Every structure is written in structure tokens, then in C-alpha cells.
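In the order they appear, the protein sequences are chains A and B. Residues in the first sequence are numbered from 508 upward in steps of one, following the numbering used here. Residues in the second sequence are numbered from 508 upward in steps of one, following the numbering used here. Where is the CB? At the ideal position from N, CA and C, for every residue including glycine. Model, not experiment: these values are computed from the prediction.
2 protein chains.
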Amino acid sequence: MDAMDRRLLSLLQDQGRSSYADLGAAVGLSVSGVADRIRRLEASGVLQGWTVRVDPVKAGLDILAFIFVAIERPEWEPGFLTRMRQRPEVLECHHVTGDWSYLLKVRVGSVADLEGFLATGLKDLPGLGRTHTQLALSSPKETNALPLAGGGKE
Amino acid sequence: MDAMDRRLLSLLQDQGRSSYADLGAAVGLSVSGVADRIRRLEASGVLQGWTVRVDPVKAGLDILAFIFVAIERPEWEPGFLTRMRQRPEVLECHHVTGDWSYLLKVRVGSVADLEGFLATGLKDLPGLGRTHTQLALSSPKETNALPLAGGGKE
DNA sequence: AGTGAAAATACCAGTTG
DNA sequence: CAACTGGTATTTTCACT
């Protein structure tokens with residue numbers, strides 16, 4: 508994982524469909540050199556996979572909510588986590604410091620769907636304490652491109 | 508944007524490098540049919556682009572923080588947003604309901620970097636009120652795959 | 001939906017720094 | 001040891017019928 512790898516990953520985060528030739532021209536590497544590095548990055552697990560970015564609003568998913576959750580007792584966590592992993596509207600589930608146990612990022616098509624998720628996706632779980640929901644009114648920035656340029660450890 | 512389009516997008520969210528042949532076999536479409544639909548999805552902007560998933564920890568970005576920010580006066584917002592868009596460690600910036608103005612998702616390589624961002628990325632902005640930082644201790648789920656199966660409006 | 005041309009990728013050897 | 005060259009086979013994409 509050197510500077511060249513980070514440049515390649517950075518380019519791929521932006522344009523995941525660049526040809527090896529284009530990537531090589533951009534970073535100063537031959538086509539086979541690029542292919543070698545990408546193969547290695549995939550093998551090492553740094554490059555986890557290839558995806559597409561989908562516009563949530565154009566896909567009909569207008570509602571983005573951040574939901575804080577308190578779990579009353581540790582023994583309820585496994586069931587909670589299993590549920591979160593199952594539910595596709597839960598994009599993220601983070602164990603966070605502070606007053607709450609978990610922070611969820613949830614995307615649904617309507618406030619009705621959100622209410623439905625709160626009712627049948629969360630509140631019916633055993634041991635679930637209070638929740639606190641915040642709606643995103645707009646998202647001036649939303650990317651999953653990691654800062655690979657200078658940041659990070661070598 | 509019909510059920511077929513959603514199935515294709517769903518497959519591509521999981522495996523962005525599937526060949527048109529594989530996609531066609533999975534959804535029951537010819538290769539050219541798949542190509543046609545993907546072209547249209549790109550043109551309409553639903554399919555925004557192609558990317559890679561990079562493992563943040565393996566890339567040396569161990570620290571994930573959610574930072575709530577209060578902006579004192581509306582006139583300071585444009586400068587704040589410009590800064591957020593510039594800073595690569597800011598993955599997301601959402602305008603949220605509730606006690607705070609914005610919620611940031613920030614990824615950095617160390618707590619020192621986090622401190623640096625708070626100092627030179629946030630606190631030096633004019634009109635910035637209080638901030639509230641929460642660290643993610645772990646992330647049991649973190650995907651950007653939207654729930655396209657049944658959810659969303661037609 | 002199917003065909004054929006063009007392009008991209010994977011794979012292999014040998015070579016160099 | 002990592003990277004380039006070069007060549008080829010295979011796959012994938014693209015334009016067109």
C-alpha cells in the first residue's frame with residue numbers, strides 16, 4: 508500500500524470504470540502494472556469490491572433519517588444487530604460514544620415508510636430503549652470516497 | 508424506472524463489475540437489452556456513476572466521527588458548505604432537523620487528525636457555534652446500497 | 001434480439017532495474 | 001522483487017441490422 512496504490516484507488520473511487528490504459532496514463536504505469544496492482548489490492552482486501560452510485564431521490568427514496576437508539580441491556584444487542592443487518596433500509600449502523608448506543612442511517616421512500624420502520628423494524632425488538640430520530644432536510648455533500656491522497660498511515 | 512431497472516441497479520450495487528451477459532442471465536434479458544437499460548439509467552441520472560468500495564481501516568483511516576455543528580447565523584452557511592465540500596475527510600454533510608444545524612460524517616487516520624480537522628477545518632470558520640462530536644467505536648453495518656427491491660415509489 | 005467489429009482484460013513468457 | 005514489454009487468447013462492449 509504505497510502512494511501509487513492510493514492514487515489508483517482514489518481514481519477508481521471517482522471513476523470506477525476507467526480502463527487500465529487510462530489509469531496507467533494517469534499515474535505513469537503500464538497496463539500490466541495497473542492490472543498487477545489492482546489484483547493485489549483486491550487480494551489484500553483493501554479494494555473490497557465494485558459498485559455503482561445510485562441517486563436516492565431519483566430512485567424514489569426521498570427520506571433520509573438518522574436514528575439514535577439506546578439498548579437497555581447488552582444481551583439484547585445480538586438480536587438488534589441481526590435485525591439491522593437484515594433490514595435493507597438500514598444503510599449504516601454504528602456503535603457510538605455518548606448518550607446513545609447506536610446511530611442508524613436509514614433511507615426510505617416516505618414518512619409513512621419511516622413510521623413503518625420505527626414500528627416494525629425497531630420498536631418491536633426486545634430490550635429496545637428510547638430512540639431519537641433526526642431527518643436530513645438536504646445533503647450538501649454525500650460521498651463514500653475516502654480521503655486517500657495524503658491522509659491515512661503509510 | 509420499472510422493476511427490471513431496479514433489479515439491475517440492485518445487482519450492480521452488489522457487483523458493479525458484472526458483465527452484461529451475467530446481468531442479463533440474472534434478470535432474463537438479452538445482452539443488448541441490458542446495455543440499453545444501463546445506458547438509459549445513466550442518461551437519466553439514476554445511475555450516477557461507477558465506484559469501488561475501499562476498506563477504510565485497511566486504508567489507514569481508523570477514526571470515524573459524527574460531528575454535529577451549529578451555525579450561528581444563516582449568512583455563514585455558504586462559507587461553511589464550501590469548506591465542507593473542499594475537505595476530503597468530510598464524507599457527508601447533512602442539514603438536519605433538531606437542535607443542530609448540520610451533521611457531518613468524517614473519516615481520518617488518527618485522533619490527532621481529528622483534532623486537526625476540528626481546529627483548522629471547523630473552528631476557524633466564522634460564525635461557527637458549538638460542535639458535538641461522537642466517535643464510532645465500530646460499524647456493524649455500513650453500505651451504500653439503496654433498498655431498491657420493494658421500497659421506493661414506482 | 002442477434003451479429004460482427006473493436007476494445008478491454010486476463011494470462012503468459014521473458015527481461016530489466 | 002517489482003515492473004515493463006510483447007504477444008496472444010478470451011471476454012466484454014458497442015454499433016448496427
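Output, in chain order, the set of chain B residues within a Cβ distance shorter than 8 Å of residue i.
| i | result |
| --- | --- |
| leucine 621 (chain A) | By Cβ distance, chain B contributes nothing, its closest Cβ being about 11 Å from leucine 621 (chain A), past 8 Å. |
| leucine 610 (chain A) | Phe573, Gln641 and Ala643 |
Could you pull the start and end residues of the beta strand (DSSP E) that residue i belongs to?
| i | result |
| --- | --- |
| glutamate 599 (chain B) | 597-603 |
On the DSSP bridge list, what partners appear for residue i?
| i | result |
| --- | --- |
| arginine 572 (chain B) | First, the amino acid is wrong: residue 572 (chain B) is alanine here, not arginine. Note: alanine 572 (chain B) sits in a beta bridge opposite B:Val613 and B:Leu642. |
| lysine 565 (chain A) | Bridge partners of lysine 565 (chain A): none, in fact. |
| lysine 648 (chain B) | A:Cys600 |
| glycine 623 (chain B) | The partner list for glycine 623 (chain B) (beta bridge, DSSP) is empty, contrary to what the question assumes. |
| arginine 524 (chain B) | According to DSSP, which records beta bridges pairwise, arginine 524 (chain B) is partnered with nothing at all. |
| tryptophan 557 (chain B) | A:Val559 |
| leucine 635 (chain A) | A:Ile578 |
Could you give the first and the last residue of the continuous alpha helix (DSSP H) run that contains residue i?
| i | result |
| --- | --- |
| glutamine 593 (chain B) | 584-593 |
| glutamate 549 (chain B) | 538-551 |
| leucine 516 (chain B) | 510-521 |
Taking C-beta pairs closer than 9 Å, name the residues in chain A that residue i reaches, listed in chain order.
| i | result |
| --- | --- |
| methionine 591 (chain B) | Pro647 and Lys648 |
| leucine 632 (chain B) | Here the premise fails: no neighbours, minimum Cβ distance about 14 Å. |
| leucine 625 (chain B) | What leucine 625 (chain B) touches in chain A: nothing, since even the nearest Cβ is about 15 Å away. |
Using 9 Å as the threshold, is the C-beta distance between residue i and residue j below it?
| i | j | result |
| --- | --- | --- |
| alanine 643 (chain B) | valine 603 (chain A) | yes |
| threonine 638 (chain A) | isoleucine 574 (chain A) | yes |
| valine 538 (chain A) | leucine 515 (chain A) | no |
| lysine 612 (chain B) | alanine 572 (chain B) | yes |
| arginine 594 (chain B) | glycine 628 (chain B) | yes |
| phenylalanine 587 (chain A) | glycine 634 (chain A) | yes |
| leucine 518 (chain B) | serine 525 (chain B) | yes |
| cysteine 600 (chain A) | proline 647 (chain B) | yes |
| arginine 513 (chain A) | alanine 656 (chain A) | yes |
| tryptophan 557 (chain A) | arginine 544 (chain B) | no |
| valine 553 (chain B) | lysine 565 (chain A) | yes |
In chain A, which residues lie with their C-beta within 8 Å of the C-beta of residue i?
| i | result |
| --- | --- |
| leucine 516 (chain B) | Val559, Val561 and Ala566 |
| valine 553 (chain B) | Val561, Asp562, Lys565 and Ala566 |
Give the residues of chain A in contact with residue i, contact being defined as C-beta atoms less than 7 Å apart.
| i | result |
| --- | --- |
| valine 534 (chain B) | What valine 534 (chain B) touches in chain A: nothing, since even the nearest Cβ is about 15 Å away. |
| alanine 643 (chain B) | His601, His602 and Val603 |
| arginine 524 (chain B) | Trp557 |
| leucine 588 (chain B) | Pro647 |
List, in order along the chain, the chain B residues whose C-beta lies closer than 7 Å to that of residue i?
| i | result |
| --- | --- |
| arginine 637 (chain A) | Near arginine 637 (chain A) there are no residues of chain B at all, since even the closest Cβ is about 15 Å away, more than 7 Å. |
So with CB distances below 9 Å, who are the chain B contacts of residue i?
| i | result |
| --- | --- |
| leucine 530 (chain A) | Ordered by position in chain B, no residue passes the 9 Å Cβ test against leucine 530 (chain A), which lies about 12 Å from the chain. |
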